[in-house]
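Notes follow once the structure below has been shown.
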């Protein structure tokens, strides 16, 4: 069985760096007032302006970086099957599927595990779609039959 | 896997943002001297110490973040490649 070890360390590394820089940005905003080099009630000195502007930019962009790493982590978890991808309801295309359509047969020696899994999945999906379509056509036939019966009764 | 794909896996969008922080750290480190708020020849004033310290922290942390991600992603890539080669050998 082909197993790939899955590591979260790289995402945690990026998220931790972003979080530390976010805290540094917060400190940059507060520092002129906390350290007292901005006189109270006076116009902002140039150090205060520089520190404050840099702090806001750093904090905002650090949040962006954090979420970028976070979404990468989520994508990786979905890819590995830990998280289930959000299911999308897709309208059925008017294409007739054949459940028992002959699947391309590859020799077992050359078919990898992934190919086998995908083949099984595709066959199961095709069978499911076909059964749903047959159930829908049966229901339509029943409705049509009942309408015919009603018209005959009148 | 092509070189482009490998680079994409080694350098995610977040690493570009971390590189921006590295540049911001450089600016914070030199800003007291570039803006001449630090008097020449005197002991460093509080704002200079603060700005310099935060700048160095940002540079170090962003570099560690970029390099740490890159190294761990590289390790994952190597493991995947080894696992694929092993599987191909088992099949053949």
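Chains as they are written, first to last, in this note's numbering: chain R, 5 to 158; chain A, 21 to 112. Backbone N, C-alpha and C fix where the C-beta goes; we use that ideal spot for every residue, glycine too. Values in this document were obtained by computation on a predicted structure and should not be read as measured data.
**Request:** Could you pull out every residue in the same chain whose Cβ sits closer than 6 Å to the Cβ of residue 96 (chain A), ignoring the five residues on either side in sequence?
**Result:** none
**Asked** From residue 133 (chain R) to residue 124 (chain R), what distance separates their C-alpha atoms?
**Response** 14 Å
**Request:** State buried or exposed for residue 75 (chain A), treating a residue as buried only when at least 16 other CB atoms are found within 10 Å of its CB.
**Result:** buried
**Asked** So is residue 20 (chain A) in contact with chain R if we call contact Cβ pairs under 8 Å?
**Response** Because chain A in this structure spans residues 21 to 112, residue 20 (chain A) falls outside the shown range and cannot be described.
**Message:** Under 8 Å, with one C-beta from each stretch per pair, do the stretch 22-38 of chain A and the stretch 82-100 of chain A reach the 3-pair mark?
**Reply:** Contact holds: three or more Cβ-Cβ distances are below 8 Å.
**Proximal residues to residue 41 (chain A) (C-beta, below 7 Å), its chain only, five neighbours per side dropped** = 78, 82
**Item:** Exposure label - residue 69 (chain R); buried when at least 16 CB within 10 Å
**Value:** buried
**Prompt:** Looking at the C-beta of residue 134 (chain R), does it have a partner C-beta in chain A at a distance below 8 Å?
**Reply:** no
**Request:** Tell me where the alpha helix (DSSP H) around residue 89 (chain A) begins and ends.
**Result:** 66-111
**Request:** Would you verify that the beta carbon of residue 48 (chain R) is, or is not, closer than 8 Å to some beta carbon of chain A?
**Result:** Under the 8 Å criterion on CB atoms, residue 48 (chain R) is classed as non-interfacial with respect to chain A.
**Request:** Please state whether DSSP places residue 42 (chain R) in a helix, a strand or coil.
**Result:** Taken through DSSP and simplified to helix, strand or coil, residue 42 (chain R) comes out as coil.
**Message:** Are there any heavy atoms of the ligand MN lying less than 7 Å away from the beta-carbon of residue 17 (chain R), as far as the coordinates show?
**Reply:** Absence of the ligand MN from the depicted structure is noted, as is the absence of any ligand whatsoever, leaving it without description.
**Request:** Check the C-beta distance from residue 57 (chain R) over to residue 28 (chain R) and give it rounded, since I have them as a contact under 8 Å.
**Result:** Not confirmed; about 14 Å, so no contact.
**Message:** Quick test of the definition: if touching needs 3 or more C-beta pairs under 8 Å, does the stretch 104-111 of chain A touch the stretch 63-83 of chain R?
**Reply:** no
**Prompt:** chain R partners of residue 1 (chain A), CB-CB under 7 Å?
**Reply:** This structure does not reach residue 1 (chain A), given that chain A is present from 21 up to 112, and the question cannot be answered.
**Of the residues A:61, A:80, A:66, the one placed nearest residue 41 (chain R), counting alpha carbons only** = A:66
**Prompt:** Cα-Cα, which of R:46, R:84, R:72 is closest to residue 21 (chain R)?
**Reply:** R:72
**Prompt:** Do residue 25 (chain R) and residue 59 (chain R) have their C-beta atoms closer together than 8 Å?
**Reply:** no
**Message:** For residue 47 (chain A) and residue 119 (chain R), I'd like the C-alpha separation in whole angstroms.
**Reply:** 52 Å
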